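To keep things clear, I will list the structure first and then write my remarks on it.
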Amino acid sequence: MSLLPFFEWCQNAELIVSMRSSLWLFPVIESLHLIGLALIGGALLIVDLRLLGFGLRHQPVSVLARDAERWLIASLVVMLPTGFLLFMSSAVKCYYLPVFWVKMATLVLALVFTFSIRRRVTMAAETGVNPLWPKVVGGVSISLWSTVAIAGRFVGFP
Amino acid sequence: MSLLGFFDWLATTAGSIALHESHYAYRIVSTVHVVTLSLFVGTAAMLDLRLLGATMRSVPVSEVARRLRPWTAAGFVLMTVSGALLFYANPSPRYLNIFFRAKMAMLVLAGVNAWLFHRNVFPRAAEWDNDPVPPRRARITGGLALALWALMIVSGRMIAYDWFDCGRQPQPAIINLLEGCLTASR
Chain V
269 MSLLPFFEWC QNAELIVSMR SSLWLFPVIE SLHLIGLALI GGALLIVDLR LLGFGLRHQP
329 VSVLARDAER WLIASLVVML PTGFLLFMSS AVKCYYLPVF WVKMATLVLA LVFTFSIRRR
389 VTMAAETGVN PLWPKVVGGV SISLWSTVAI AGRFVGFP
Chain U
59 MSLLGFFDWL ATTAGSIALH ESHYAYRIVS TVHVVTLSLF VGTAAMLDLR LLGATMRSVP
119 VSEVARRLRP WTAAGFVLMT VSGALLFYAN PSPRYLNIFF RAKMAMLVLA GVNAWLFHRN
179 VFPRAAEWDN DPVPPRRARI TGGLALALWA LMIVSGRMIA YDWFDCGRQP QPAIINLLEG
239 CLTASR
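For the protein sequence lines, the chains are V and U, in the order given. With my numbering, letter number 124 in the first sequence gets 392, and the count goes up by one each step, no holes. With my numbering, letter number 113 in the second sequence gets 171, and the count goes up by one each step, no holes.
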């Protein structure tokens, strides 16, 4: 089954069509999406840098992870709805854009990884864990989320 | 030579033309500028949130500031270099853009805010370093910085939508003034 009809429906949904008629509404939604990008960067890097042995390296990973998680979720609450509206406004273009599918696939991977493996490793007590694990998890997290961000920028190019 | 004259000349230099006309180079620079938001504003915002008592309450403020500083600084360098290159690719249209001007003004304000913090507030951080919620002066700095980062991101995004382009006349005199348009009256 092709997803194209769904994408066409998204782009022609009454809500989106009327939102597009506003001059400033989508620029504002884009701005909110970017503010979310800054916030999610901070919430992820605090923990990922620590996992790699940089940044706040004298603090326990679990403390940082617990503190950062609230801001991670807050930034996702901003990014996902604004991102979905941005997608809806040009869904058909996205359908034919390989980089859009790269972004979606990486996003799903990054979300699953962050709330399963990364969460388990960061919240666990640090004793008894192979010292290589945190570094791998930090590196994978930064790589996945960077790919999402870079691909996201490329989706926006005309 | 006026600033505008200088930027008009800058646009005729080989590097500016090459960057303006390139397909990939411009996109890569633009991508670096946007993605660096998560490093520069991301790490700066975490310190600002700590100053507000909104995160890492058990970590001393000075430790958050010291450990994140190199990362925020690296982000700032990437941001500034990529931003300068984006300007270099389109000097006069950026200079004659109300949102670009607003963004630069807020950048100066953010710099003053950071300077005041390091001069007046941070040197006495030892007194409240371990407080979960720092005193009012520190909270004001953090809140102000967060607001300025958010407004800079918004105005940065709006640069691409120049609704007040000088070519769209007639416009209110105040708009022409803020946008830097050369009109018959000037």
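A virtual CB, placed ideally from N, CA and C, is assigned to each residue, including glycine. Please read these numbers as outputs of a predicted model, since none were measured by experiment.
> To the nearest whole angstrom, what separates the beta carbons of Thr374 of chain V and Ala419 of chain V, a pair I think is in contact under 8 Å?
Replying inline: For the purposes of this step, residue 374 of chain V is identified with residue 106 of the first sequence, where counting begins at 1. For the purposes of this step, residue 419 of chain V is identified with residue 151 of the first sequence, where counting begins at 1. Right, their Cβ atoms sit about 7 Å apart.
For Phe175 of chain U, the first and last residue of its enclosing alpha helix (DSSP H):
Along the second sequence, one-based indexing puts residue 175 of chain U at 117. Looking at the DSSP string, Phe175 of chain U is not in any alpha helix (DSSP H), and its letter there is neither H nor E.
When the Cα of Leu306 of chain V is compared with those of U:Ser150, U:Leu206, U:Met114 and U:Val122, which residue comes out closest?
Numbered from its first residue, the first sequence carries residue 306 of chain V at position 38. This sequence places Ala at residue 306 of chain V; Leu is not what is there. Selected option, being the one with the closest Cα: U:Leu206.
Closest Cβ-Cβ distance between Trp339 of chain V and chain U: below 8 Å? For this step, residue 339 of chain V is matched to residue 71 along the first sequence. So, interface residue.
| query | Taking the alpha helix (DSSP H) that Ala196 of chain U falls in, what are its first and last residues? | reply | For the purposes of this step, residue 196 of chain U is taken as the residue at position 138 of the second sequence. Where Ala196 of chain U is concerned, the enclosing alpha helix (DSSP H) stretches over Arg194 to Met216.
- Query: Straight-line CA distance for Gly424 of chain V to Val139 of chain U?
  - Reply: One-based indexing of the first sequence puts residue 424 of chain V at position 156. One-based indexing of the second sequence puts residue 139 of chain U at position 81. Cα to Cα, the separation comes out at about 22 Å.
Contact between the segment 308-324 of chain V and the segment 338-345 of chain V is defined here as three or more beta-carbon pairs at a separation below 8 Å; is this criterion met? yes
| query | How many angstroms separate the CA atom of Asp66 of chain U from the CA atom of Val376 of chain V? | reply | In the second sequence, residue 66 of chain U corresponds to position 8, counting from 1. In the first sequence, residue 376 of chain V corresponds to position 108, counting from 1. If you take the alpha carbons of Asp66 of chain U and Val376 of chain V, they lie about 46 Å apart.
What distance in whole Å lies between the Cβ atoms of Leu105 of chain U and Leu136 of chain U, which are believed to be in contact at a cut-off of 8 Å?
Reading the second sequence from its first residue, position 78 is the one you call residue 136 of chain U. Reading the second sequence from its first residue, position 47 is the one you call residue 105 of chain U. Contact doesn't hold; Cβ gap of about 18 Å is too wide.
Q. Which residues in the same chain as Gln327 of chain V place their Cβ atom closer than 8 Å to its Cβ, once the five residues preceding and following it in sequence are excluded?
A. Residue mapping note: residue 327 of chain V aligns to position 59 of the first sequence, counting from 1. Closer than 8 Å at the Cβ level, and outside the excluded window around Gln327 of chain V, lie Arg318.
If the cut is a Cβ gap below 9 Å, which residues of chain V does Gly100 of chain U touch? On the second sequence, position 42 is the one that residue 100 of chain U refers to. Those within 9 Å of Gly100 of chain U in chain V are Leu305, Ala306, Leu307, Ile308, Gly309, Gly310, Ala311, Leu312, Leu313 and Ile314.
ask   = Roughly how many whole angstroms lie between the Cα atoms of Ala103 of chain U and Thr89 of chain U?
value = Locating residue 103 of chain U in the second sequence gives position 45, counting from the first residue. Locating residue 89 of chain U in the second sequence gives position 31, counting from the first residue. Straight-line Cα distance between these residues: approximately 21 Å.
Requested in this report: Give the DSSP-derived three-state secondary structure of Gly63 of chain U in the structure shown.
Outcome: Position 5 of the second sequence, counting from 1, holds the residue named residue 63 of chain U. Reduced to three states, the DSSP call for Gly63 of chain U is helix.
query: Since Thr94 of chain U and Trp129 of chain U are thought to touch, with beta carbons under 8 Å apart, how far apart are those beta carbons, to the nearest angstrom?
result: The count along the second sequence starts at 1 and reaches residue 94 of chain U at position 36. The count along the second sequence starts at 1 and reaches residue 129 of chain U at position 71. With a Cβ gap of about 11 Å, Thr94 of chain U and Trp129 of chain U do not count as contacting.
_chain U within 8 Å of Gly323 of chain V, Cβ atoms only_ = The residue you call residue 323 of chain V lines up with position 55 of the first sequence. So yes, Gly323 of chain V belongs to the interface.
Same chain, Cβ closer than 8 Å to Val117 of chain U, neighbours up to 5 away in sequence not counted:
Residue mapping note: residue 117 of chain U aligns to position 59 of the second sequence, counting from 1. Hits under 8 Å: Arg108.
**Close beta carbons around Gly133 of chain U, own chain, < 6 Å, minus the five adjacent residues each side** = Taking the first residue of the second sequence as 1, we reach residue 133 of chain U at position 75. These residues qualify, in order along the chain: Thr94, Leu97 and Phe98.
Closest by CA to Leu174 of chain U, which one among U:Tyr84, U:Ile198 and U:Met216?
-> One-based indexing of the second sequence puts residue 174 of chain U at position 116. Looking at the Cα atoms, U:Ile198 is the closest of the given residues.
Under 8 Å between C-beta atoms of Leu302 of chain V and Arg215 of chain U
To locate residue 302 of chain V, count along the first sequence from 1; it is residue 34. To locate residue 215 of chain U, count along the second sequence from 1; it is residue 157. Yes, the pair counts as a contact, with Cβ atoms nearer than the cut-off.
Can you tell me the Cα-Cα spacing of Ala160 of chain U and Val166 of chain U, whole angstroms? What you label residue 160 of chain U is simply residue 102 of the second sequence in a count that begins at 1. What you label residue 166 of chain U is simply residue 108 of the second sequence in a count that begins at 1. The alpha-carbon atoms of Ala160 of chain U and Val166 of chain U are separated by roughly 10 Å.
Could you name the residues of the segment 355-389 of chain V whose beta carbon sits closer than 9 Å to any beta carbon of chain U, in the order they occur along the chain?
-> none
Closer than 9 Å between beta carbons: that is the criterion. Which residues of the segment 403-423 of chain V meet it against chain U?
Trp413, Ser414, Ala417, Ile418, Gly420, Arg421 and Phe422
* Can you tell me the Cα-Cα spacing of Ser430 of chain V and Leu240 of chain U, whole angstroms? -> Since the first residue shown for chain V is 269 and the last is 426, residue 430 of chain V is missing from the structure and cannot be characterised.
| Is it right to say Leu412 of chain V is buried, meaning 16 or more other beta carbons lie within 10 angstroms of its own, or is it exposed? | Start at 1 with the first residue of the first sequence, and residue 412 of chain V comes out as number 144. Classification of Leu412 of chain V: buried, given that the 10 Å Cβ count is 16 or more.
Between the alpha carbons of Val315 of chain V and Val92 of chain U, how many angstroms are there, rounded? Your numbering for residue 315 of chain V matches position 47 in the first sequence. Your numbering for residue 92 of chain U matches position 34 in the second sequence. So the alpha carbons of these two residues sit roughly 21 Å apart.
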